[in-house]
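Novice:
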Amino acid sequence: MDDVKRNMLLLQPETVLEGRYKVLCDIASGGFGTTYKVWDEQDKVERAMKEYFPQNLSTRLPDGRVVPYSKSKQEGFEHGKLRFVEEAEMIYHLNGLPKNGVARIVMLTDYFGANDTKYYVMEYIDGKSLYNELCENPNGLSYIKVINYLNELCDTLDELHTKHDIFHRDISPENIMLNRNGHLQLIDFGNARNISAIKGHTINLKVNYAPIEQYTRQGEQGSFTDVYSLAATAYHLLTGQVVPRVDDRLDGVTYVPLCEIKPEISERVSKAFDHALEIHAKNRTQTMREFKQELGIEELLKKERLKRGKAIPYYKVLVGDVPQSIKCLESERELVLGRSKEADIYVGDNQFIGRKHCSIRFNEEEEMFYIIDYSKNGTYIDNKSLPQGREVKVSVGTQVILANHIYEFELGVKYE
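Residue numbers 964 to 1379, in the working numbering, belong to the letters of the sequence shown in order.
This is the structure:
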């Protein structure tokens, strides 16, 4: 499609929907529609807005409406629209997952109908996909970086499966975002379904990441389906090479075991990948928890921490009335931040900052920070307000905002 024709199909810059979302530019297109960067006039923040616009079934009229090409396309168009709304409702239901840490599911803020189609609005993730990171590192990412990614993703997907009875069914480097705080976030839930109600649903396959059971409507799917896709994704991240598509593997095409490509990868880890990439589901690793245990992720990360030496936590002031500085913290001690002179960390005398606004604690064994918000005006990470009174786990490098950007700081670690 040439650029002129493509631009005719897009919402034009400056278009305003619902009286608040002003289109800035398009950022991605897929099988179901187009995602735009928009300006939210009400909340004064950039967001991402996804429009249902399947270009194989529909077109855009000069007045902006999206309509099927013909009556023969009507049924498929309406079915896809229902699926799109289901995706929006599912993401909305999952907002804030996981509950014990910073959300790793993209946050949905609104959904609505306009132009004879459907839209949903999400947080705008300031970062890049793991596919983009692979493009920058075509021979693969570092072993320990991918292990850290797997540690996060296994935990999040395990919660998705066990507590919500939902699995993603479209895990790939394109659908995992890395934001500026170093957190991973899963996007694109167009294929996600409740585990007990998925037979008969068609999906869009990414063939190098999809297991055999996704090639047929009758295939039984479960947590093991996401295990295969995550293992195939991690294999690609580690090696820069894709796992052959399943139908080719059935014809005898093989992939090279990890330990033969990367000498630093142990036979144990390599075999854990082989188990997770078994063609037939009954022979495959069944759950994310099993995959994480077979990889030995906790032991690997513990060894890596020991190699680096003793971790000294610190916080660095980025924005605030107090002088910008870096201050070391004590491990395992809860430190209170606030405008009270009795606070462990005084953040200035601003009425929007609570006397006891929040607290931070560093866990030396995990090398993770824990934050509790006690305020009226909020403590924010990645533009999300933390739940009041509940401890939230965040990683090194996280930037924290108090109230309305009145005070900002970064949590870090140095080694000695």
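Using N, Cα and C, we set each Cβ at its ideal position, and we do this for glycine too.
Just how far apart, CA to CA, sit GLN1382 and ASP1211?
Specialist: There is simply no residue 1382 to check, as the chain begins at 964 and stops at 1379 in what is shown.
Novice: Provide the residue(s) that pair with ASP989 in DSSP beta bridges, ordered along the chain.
Specialist: Answer is TYR999.
Novice: In whole angstroms, give me the CA-to-CA distance for ASN1019 and GLY994.
Specialist: Those two C-alpha atoms are separated by around 8 angstroms.
Novice: Can you tell me the Cα-Cα spacing of ASP1003 and ASN1154, whole angstroms?
Specialist: The straight-line gap from Cα to Cα measures roughly 27 angstroms.
Novice: According to DSSP, which residues form a beta bridge with ARG1324?
Specialist: Answer by DSSP bridge pairing, in chain order: TYR1333.
Novice: Where in the segment 1010-1058 do unbroken runs of the alpha helix (DSSP H), each at least 4 residues long, occur, reported from the N-terminal end onward?
Specialist: Those alpha helix (DSSP H) runs which fall completely within the segment 1010-1058 and span 4+ residues are 1034-1057.
Novice: Taking DSSP as the reference, what is the three-state secondary structure of ASN1100?
Specialist: Of the three classes helix, strand and coil, the one that applies to ASN1100 here is coil, per DSSP.
Novice: So ASP1284 and ASN1313 are supposed to be a Cβ contact under 8 angstroms. How far apart are they, rounded?
Specialist: Yes, they are in contact, since the Cβ atoms of ASP1284 and ASN1313 sit about 6 angstroms apart, within 8 angstroms.
Novice: Hey, ARG1143 and ASP1189 are a contact pair by Cβ (cut 8 angstroms); roughly how many whole angstroms apart?
Specialist: Contact doesn't hold; Cβ gap of about 26 angstroms is too wide.
Novice: Helix, strand or coil for ARG1318, going by three-state DSSP, please let me know.
Specialist: If DSSP states are grouped into helix, strand and coil, ARG1318 belongs with coil.
Novice: Taking the runs of the alpha helix (DSSP H) that are 4 residues or longer, which of them lie wholly in the segment 1081-1161?
Specialist: Taking only runs of at least 4 residues, the alpha helix (DSSP H) segments lying wholly in the segment 1081-1161 are 1093-1099 and 1106-1127.
Novice: Going by the beta-carbon positions, is the gap between VAL1376 and PRO1276 smaller than 9 angstroms?
Specialist: The answer is yes: Cβ separation under 9 angstroms.
Novice: At what residues does the alpha helix (DSSP H) containing THR1202 begin and finish?
Specialist: 1186-1202 is the extent of the alpha helix (DSSP H) around THR1202.
Novice: Helix, strand or coil for LYS1377? Go by DSSP, reduced to three states.
Specialist: The answer is strand: DSSP assigns LYS1377 an E or B state.
Novice: Have a look at ASP1079, VAL1048 and THR1072 and flag the residue whose alpha-carbon is nearest the alpha-carbon of GLY1027.
Specialist: Considering only alpha carbons, the answer is ASP1079.
Novice: Please state if the CB of GLU1330 and the CB of VAL1359 are separated by a distance shorter than 9 angstroms.
Specialist: Result yes, Cβ atoms of VAL1359 and GLU1330 sit closer than 9 angstroms.
Novice: So, helix, strand or coil for LYS1225, using DSSP?
Specialist: If DSSP states are grouped into helix, strand and coil, LYS1225 belongs with coil.
Novice: Checking 9 angstroms against the spacing of the C-beta atoms, do TYR1172 and SER1135 come in under that value?
Specialist: Result yes, Cβ atoms of TYR1172 and SER1135 sit closer than 9 angstroms.
Novice: Going by alpha carbons, who is nearest to PHE1016 out of ARG1010, SER1092 and LYS1036?
Specialist: Of the listed residues, the one whose Cα sits closest to PHE1016 is LYS1036.
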